[in-house]
Every structure is written in C-alpha cells, then in structure tokens.
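Visitor: Protein sequences appear in the order of chains S and L. So for the first sequence, the numbering used here puts the first residue at 35; every next one is plus one. So for the second sequence, the numbering used here puts the first residue at 811; every next one is plus one. Don't be surprised by glycine CBs; every beta carbon is placed ideally from N, CA and C.
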Amino acid sequence: MGSWVVPTASLLGAGWYFATCLILGVFVGQWVDEKTGLEPICTLIGIVVGLAVAAVGGYRMLLPFIRKVSYTDPEQG
Amino acid sequence: MKVLKLIGGIIAVAAVLAVGLYIAKGPQPVIIVPAEVLTTIGFLNITNTLLTSWVVMAVIIIVAFVCTRSLKLIPGSAQNFLEGVLQFLMDQVEEIAGATNGRKFFMVVATIFLWVICNNWFGLLPFFNAIGKSEDVNHHIFEMIHEQDEEGTPFEEGESQGYWVMENSGNWTVAKPRAESGEYEIETGDTAGQATDRYIVMLAVQFTDFEAPEGTGPPSVETVEGAMAALNADPLAPKVHLVEAHAEEGEEAGHGEEAAAESEHHTIPSEALHAEVESVTFPGQTIGLVIPFFRSTFSDVNNTLAMGIIAFIFIEFWGLQALGFGYLSKFFNLKGIMSFVGILELLSEFIRVISFTFRLFGNIFAGEVLILMLTFLMPFLLPNVIYGLELFVGFIQAAVFALLTLVFATMAIEHHDEEEHHEGHHDEDAAADAHHHPGAAQAH
Chain S
35 MGSWVVPTAS
45 LLGAGWYFAT
55 CLILGVFVGQ
65 WVDEKTGLEP
75 ICTLIGIVVG
85 LAVAAVGGYR
95 MLLPFIRKVS
105 YTDPEQG
Chain L
811 MKVLKLIGGI
821 IAVAAVLAVG
831 LYIAKGPQPV
841 IIVPAEVLTT
851 IGFLNITNTL
861 LTSWVVMAVI
871 IIVAFVCTRS
881 LKLIPGSAQN
891 FLEGVLQFLM
901 DQVEEIAGAT
911 NGRKFFMVVA
921 TIFLWVICNN
931 WFGLLPFFNA
941 IGKSEDVNHH
951 IFEMIHEQDE
961 EGTPFEEGES
971 QGYWVMENSG
981 NWTVAKPRAE
991 SGEYEIETGD
1001 TAGQATDRYI
1011 VMLAVQFTDF
1021 EAPEGTGPPS
1031 VETVEGAMAA
1041 LNADPLAPKV
1051 HLVEAHAEEG
1061 EEAGHGEEAA
1071 AESEHHTIPS
1081 EALHAEVESV
1091 TFPGQTIGLV
1101 IPFFRSTFSD
1111 VNNTLAMGII
1121 AFIFIEFWGL
1131 QALGFGYLSK
1141 FFNLKGIMSF
1151 VGILELLSEF
1161 IRVISFTFRL
1171 FGNIFAGEVL
1181 ILMLTFLMPF
1191 LLPNVIYGLE
1201 LFVGFIQAAV
1211 FALLTLVFAT
1221 MAIEHHDEEE
1231 HHEGHHDEDA
1241 AADAHHHPGA
1251 AQAH
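#1: Using only the alpha-carbon positions, how far apart do I872 (chain L) and F1103 (chain L) sit?
#2: To the nearest whole angstrom, what separates the beta carbons of A1212 (chain L) and F923 (chain L), a pair I think is in contact under 8 Å?
#3: Please list the partners that R1162 (chain L) has in chain S, where partner means a Cβ-to-Cβ separation under 7 Å.
#4: When the cut-off is 8 Å and only beta carbons count, does V1111 (chain L) lie next to chain S?
#5: Can you check DSSP and say which residues form a bridge with W974 (chain L)?
#6: Find the residues of chain L that neighbour G80 (chain S), judging by a C-beta separation of less than 8 Å, and give them in chain order.
#7: Please list the partners that A86 (chain S) has in chain L, where partner means a Cβ-to-Cβ separation under 7 Å.
#8: By Cβ distance, which residues of its chain are closer than 6 Å to E1035 (chain L), with the 5 residues on each side in sequence left out?
#9: Quick one: is A89 (chain S) near chain L, going by C-beta distance under 8 Å?
#10: Here's a check: name, in chain order, each residue in its chain whose Cβ is nearer than 6 Å to the Cβ of T1220 (chain L), leaving out the five neighbours to either side.
#11: Considering only DSSP beta bridges, list what G942 (chain L) is partnered with.
#12: Just verifying my parser: in three-state terms, what is the DSSP assignment at T850 (chain L)?
#13: Could you pull the start and end residues of the beta strand (DSSP E) that S1030 (chain L) belongs to?
#14: Mind checking H1236 (chain L): buried by the 16 CB within 10 Å criterion, or exposed?
#15: Would a check of beta-carbon distances place L1154 (chain L) closer than 8 Å to chain S?
#16: For S1158 (chain L) and chain S, any beta-carbon pair shorter than 8 Å?
#17: For G91 (chain S), I'd like the list of residues in its chain whose CB is within less than 7 Å of its CB, leaving aside the five on either flank, ordered along the chain.
#18: Cutting at 7 Å between CB atoms, please list the residues of its own chain near G84 (chain S), excluding the five before and the five after it.
#19: Give me the Cα-Cα distance between E997 (chain L) and F965 (chain L), rounded to the nearest whole angstrom.
#20: Are the segment 894-904 of chain L and the segment 828-839 of chain L touching, with three or more C-beta to C-beta distances below 8 Å?
#21: Following the continuous beta strand (DSSP E) through I1078 (chain L), name the residue where it begins and the one where it ends.
#22: Under the three-state reduction of DSSP, which class applies to I884 (chain L): helix, strand or coil?
#23: According to DSSP, simplified to helix, strand and coil, what is N858 (chain L)?
#24: So is I906 (chain L) in contact with chain S if we call contact Cβ pairs under 8 Å?
#25: Step through the CB atoms of chain L and report whether any lies within less than 8 Å of the CB of T54 (chain S).
#26: Mapping the DSSP letters down to three states, classify H1084 (chain L) as helix, strand or coil.
#27: For I1125 (chain L), I'd like the list of residues in its chain whose CB is within less than 6 Å of its CB, leaving aside the five on either flank, ordered along the chain.
#28: Between L:N1143, L:L1041, L:A1121, which has its C-alpha nearest P1093 (chain L)'s C-alpha?
#29: Just curious, the alpha helix (DSSP H) that N911 (chain L) is in, first and last residue?
#30: Keeping to the same chain, check which residues put their C-beta closer than 8 Å to that of P885 (chain L); ignore five residues upstream and five downstream.
#31: I want to know whether the segment 911-922 of chain L touches the segment 1185-1193 of chain L - three or more CB-CB distances under 8 Å.
#32: Would you check if the distance between the CB atom of T1026 (chain L) and the CB atom of T859 (chain L) is smaller than 8 Å?
#33: From which residue to which residue does the alpha helix (DSSP H) around A1116 (chain L) run?
#34: Counting only Cβ pairs nearer than 7 Å, list the residues of chain S close to L1213 (chain L).
#35: With a threshold of 8 Å between beta carbons, is W65 (chain S) in contact with chain L?
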C-alpha cells in the first residue's frame, strides 16, 4: 500500500494548492482595492500573482511524477 | 415465469415507493449551514455538533474501557475486535512511515482515524437531524425586523428564514412527515415597514387561501389589507395585533412614563397599514423549526478546522523534533531563488489546513443534505442506497484524513533521513531517492 499512498497524497494536495492560490490572490487583490480605491488594478494583479504561484507551485508538486514518467517510458516501450 | 417475476418485482418496488411518498414523505428540509445552538453555558455555545462529539467521545471511551478491562493472552471477542482494528491500523502506518517513525505517529494517526470514522458513522443513525427542540421562527423574524427598525436603515442584504408549519413550539419535537414548509424572504433595500408587510402577506399565503399577486417589489397597500382581512376571517389563522403608531407624539405631549412602558414592549412598524404591529399570535398552528439535538460532528466547519489545525501542529512538531531548527530552513532562507521556493513551501503547509478542513466538511455536509433531500423526495428505498454510500464515504474520509496526516508527517521528517544518508550511507541514496517527496526532489 505504501507505494501508492505517498504519490496519491501529493496529487490530492495539488488541486487544493492550485485552487487556494487563485482564490487567495483574488481576495487579497479585492481587499487591497477596497482599501486603496484602485478598483480593478489590484484584483488583476492578485489574479496574475495567484496564477503564477499556483503554476510554479503546482509544477513543483508534479515534477517528480513528470521525471518518473519520462524516465520509465523508454524502459517500458 | 421470469417475466412475471420481473413485472411483479417492479410493481412491488413502485408500490413501496408510492406508499412512502404518500404516507411518510418528510418535510422539505430547511438547510442551515452553521451548527444550531442548543443552549448557552456562560460564553460557550453548546451546539448540536458539539453535543454529538461528546456522545461519540463517551462511546469510544466506554468501548475502549470495556474491551480492555481484563486483558488476556488469549483474547475474548471484545478484546479481539479491538486488537484487530489496532493491528490493521498499525500495519498500514508502519508500511508507510517505517517501523520507528510509524510507532511515533501511530497514536495520533490512529486517534484521528477512529475519531473521524466513529463520528461519520454515528451521524448516520436515524435520530440524527430528526428529533430536537422546536424553535419559534416568528420570534426570530420579529426580532430581525425590530433591530432593523431601531437602526432606521433599509436592509442592506436580502435575508431569508426557512420554517415549517408546526403544532407547538418550545418542546421536544420530531420532524413530522408531510409538514408544510415555507420561506420568508426580505429583499435588499426593504425598510423595516416593508419587511413587516411582507411578513403579513407571507402569513396569509401560508395559513389561508389568500393569494399574493406576482411581483418582486414590496407588497402594495391593497395586498397587505387583503392579507389582513384574510387572516382575520379565518379563526384558526394567526392574528396580527396592531397598535396606533403614535407613541412618539405621546412622549412629546409629556406622557413620559407611559411611553417608556410602551417602548419596553417591542413593536414593529407596518408601512402599508400605517400602524405598529405589537405581536402575532397563533391560535392553531405556529411556524417553527426543529433544531435537532444531534447532527453529524463534521458537518460543522469548526470541528473540521480544529482537526486540521491539530494535524498541522503535530506535523510541524514532528518536523521540528526530527530536524531541530534546520526544519525551518526549508521555509526561510536567503539563497536567491530558493527563498521564493521557501515561500511556496510555507504556503503549501497552510493550504493543507484549508484542504483538510473543507474536504472533510464538504463530504459530510453534502452527505447529510443529500440524505435529507432524498428523504423528502423519495422516502423509502432510495435513501437506504445513499446510507450505504455514506458508510463508504465516512470510512474513506477517515482514511484520507489519517493517511494524509501520516504522509505529511513522513515528508516533514524525511529531509532529516536524507541528510543522514548523505553523511554516511551513500549506497542507500538510490533507495531513498525512490521515495523522494516533491519538496525534497526539488531541493536537490
């Protein structure tokens, strides 16, 4: 069982990581907008930052699996 | 013959469904997301989910006590059962975390698993969400409008209050089959007076044959007067008691005492009737809600959040314990790009709490709503299927929560093991690399 539990746990976390980063980015951006009155700018920045963090973090989480696949593929086929 | 049996079976199932639909159809559920408060002791609100968790706690303690009261080398059935459960958990934990770490993590992981699964399965017992005390919804609506009237501003957000038509209020109640349900809605921008008008119309629609005209705006004067007439005509319908809206003038005229006595008694204004509503009395049926005594513990987000925080604290504690302050260097360092990666790592630690919280809450709350809704739509047979599914979901969620805690804990201390490998056992590097977690893989 141990062989699949650890990868499964990482993959279970990846989706949440992606979603939460985006939501946090949007909400922080909206909050800053409300405080400063710069209406859409900070929300847009928040979305971009959230997306960037989600992409980089998500990529890092998936990296071991990408490596594993590219390493094992030639062997199998 | 086969065809006859098949047709007979279908007819039997249809008959059971029809009988259920006609006789035992549940009231349309009023879904309330936060846990309902049963009573308040000091500053502590005793909610129904808290009460459930106490009962489950007591059950677990009693079972553990009874099963381990007289431990024998050749176990009896009770001891055997408990040993079997723990052995199963122990095997899983040791397989993932290894023998030494497994024993360290076992207590917390097994506690989480048993606690979550007991609560989830306990929440499927039939008296959950059915038996409780009844809550007077009329009182709530009255207070809501009164508070807005005191502030003197229109409602900023639309409010709504679900209710059932009930026979009594203030006692132990069972959610009665076929109870009528309804919803009282206030729209954004309504003044307290318009909210009162809506309330009068809602009562007339619910308790008499009165039909309100279609439309979204506040009710017109004719509609409210018609509703009042309909309520007064029916002896069993609720009665709206009005007083003349001249309390303020009386105060000005110098009847200070009288006005003070009057203001102690809450009244709410009606815009269409130009009068104050003193009270609403219910000669026949009243409007209320069953506040269940028991509700599944993890259908309350506070409880899942508490579990998430506990798991988080233990994971960080084990990480610190294994690596000392070196553990923190994973998150805080000043090595160029790695400092950004550290922030990502830190973020993912906290996001785990959120995912722990909402995964469990979402699954259990959704299951509860699904069962309530299906009991309303199709009382017999179909909910039983969903109960089976919920048993499975309860087990899976407990396993996921416990296993994730275990895996994250293993990851938190894994870095330590790697460093040891680098110091001495180079030949074991390959084996260790095979079990690299994502963070560690990136660190190299």
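Guide: On the basis of the supplied data:
#1: 21 Å
#2: 4 Å
#3: G47
#4: no
#5: L:S991, L:G1098
#6: Simply none; closest approach about 14 Å.
#7: Ordered by position in chain L, no residue passes the 7 Å Cβ test against A86 (chain S), which lies about 11 Å from the chain.
#8: none
#9: no
#10: A907
#11: L:T983, L:P1102
#12: strand
#13: Looking at the DSSP string, S1030 (chain L) is not in any beta strand (DSSP E), and its letter there is neither H nor E.
#14: Bear in mind that a pLDDT of 41 at H1236 (chain L), under 50, signals an unreliable position, so the number given afterwards is only what the model happens to contain. It counts as exposed.
#15: yes
#16: yes
#17: Y51, C55
#18: C55, L56, L58, G59, V60
#19: 7 Å
#20: no
#21: 1078-1080
#22: coil
#23: helix
#24: yes
#25: yes
#26: coil
#27: F1218, A1219, A1222
#28: L:L1041
#29: 909-932
#30: E893
#31: no
#32: no
#33: 1111-1133
#34: V39, A43
#35: no
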